[in-house]
């Protein structure tokens, strides 16, 4: 199978924009109907069966007291109307301090920071700002399912370079072959969803080299930046030659257990950030007034908070890894994030989507098939893989592990390999 340089099936010119979006997400059927996302399907199964939902990546505990209290105070003191379009100065200044403190980047809070309605809006506005019809956008795959939808909506062509189970490391030759003069954006998600991989410095340096060689922009999705357990998170913007052509995207939701607040941001050179603002201001206009000072308070928390949050999540990862392995799954050890990917083929279950639909009934646990994170024509390469979330309370993970350990082979399932 060829990745990166393969040619996608031609899109029908008769597709409406919403259909292109659904097609980009792999949800458009041949008859023009749109399927529900697998996340909606699996969450509905969790509700209807009473299963433990390890499918979607949302924590089941609130964030730090200081952050929650700052939001309450903001609401109580009338911070409930439109904030400034680029974001409240207090949050933009906190983001600037954060970038300097953690990464040594000097970011002008008034010209080089833009607050958005979560990281996904930042991605949407960025792609709509810079991608024209026929431009290519390169991502590593598996990838966050919104990428394909947003690229298609912008009129772009989605190219990919594979990350392969279990180590999830890209082949540099494949990466070189995938970037061409048609590449408008190289979209780098590290720390990575769904695999938990943290791309190494050599790979990121190659991305910068290729972006310069082919005059491409780099967009980074770094929402798990503070949830790294092994290795080092290296922002592309800190690398030689990286800053001037990189837009860095992050958010407060994952770091502070506030995924429902949808406070994200973009940082980068003023000219690039201004271009994103030109689009963003006509999407949500503004968002989350009382939550912006709360996330600002979170970004100013002492270093020990971030270290403890990462260590706590790493311990939860280890609980779920042990449970999956005891149940007979083959696993990859995530270095970051909320998720572990497991291979159900080791249980004699070669079809991940079918397995995930049966699992709530058979074991009372919900996972998500990794096929949801790749192009339809490449799903066979990850057919047996399942993503489970460990951003839950320890007792929930222990109960899920016990249920998985009691899983009995499905009647007619092929023998475990």
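Numbering (full-length UniProt numbering), first residue to last: 1 to 417. For each residue, glycine too, the CB sits at the ideal point set by N, CA and C. Note that the structure is predicted; figures quoted are calculated from it, not measured.
Under the Cβ criterion (8 Å, minimum of three pairs), the region 71-78 does not count as touching the region 33-50. In summary, residue 80 is exposed, with fewer than 16 beta-carbon neighbours lying within 10 Å of its beta-carbon over all protein chains present. Sixteen is the threshold: when 16 or more other Cβ atoms of the shown chains lie within 10 Å of the Cβ of residue 141, as they do, the residue is buried. The beta-carbon distance between residue 138 and residue 115, rounded to whole angstroms, is 27 Å. This is too long to meet the 8 Å contact definition. Within the region 140-221, the complete beta strand (DSSP E) segments at least 3 residues long are 157-162, 183-189, 217-221, listed from N- to C-terminus. In the DSSP annotation of this structure, the continuous segment of the alpha helix (DSSP H) that includes residue 358 starts and ends at 352-363.
For residue 343, DSSP records a beta bridge to 330, 385. Taking a contact as a CB-CB distance under 8 Å, the pair residue 245 and residue 204 does not count as one, their CB atoms being some 13 Å apart. Short of 8 Å from the beta carbon of residue 289, and not among the five residues preceding or following it, lie these beta carbons of its own chain, in chain order: 74, 79, 80, 81, 82, 83, 88. In the structure shown, the three-state DSSP call for residue 264 is strand. The continuous stretches of beta strand (DSSP E) do not include residue 299, which lies in the alpha helix (DSSP H) extending over residues 291-299. Within the model, the alpha-carbon separation for residue 295 versus residue 347 is close to 43 Å. Nearest Cα to residue 279 within the set 85, 303, 125: 125.
Ranked by how close their Cα comes to the Cα of residue 237, the residues 398, 247, 402 have 247 in first place.
Looking at the DSSP output, residue 251 sits in a beta bridge with 264. For the pair residue 233 and residue 273, the Cα-to-Cα distance works out to about 23 Å. Bounds of any alpha helix (DSSP H) do not take in residue 238, whose DSSP letter is neither H nor E.
Beyond the five residues adjoining it in sequence on each side, residue 107 comes within less than 8 Å, by CB distance, of 95, 96, 99, 100, 113, 267 in the same chain, given in chain order.
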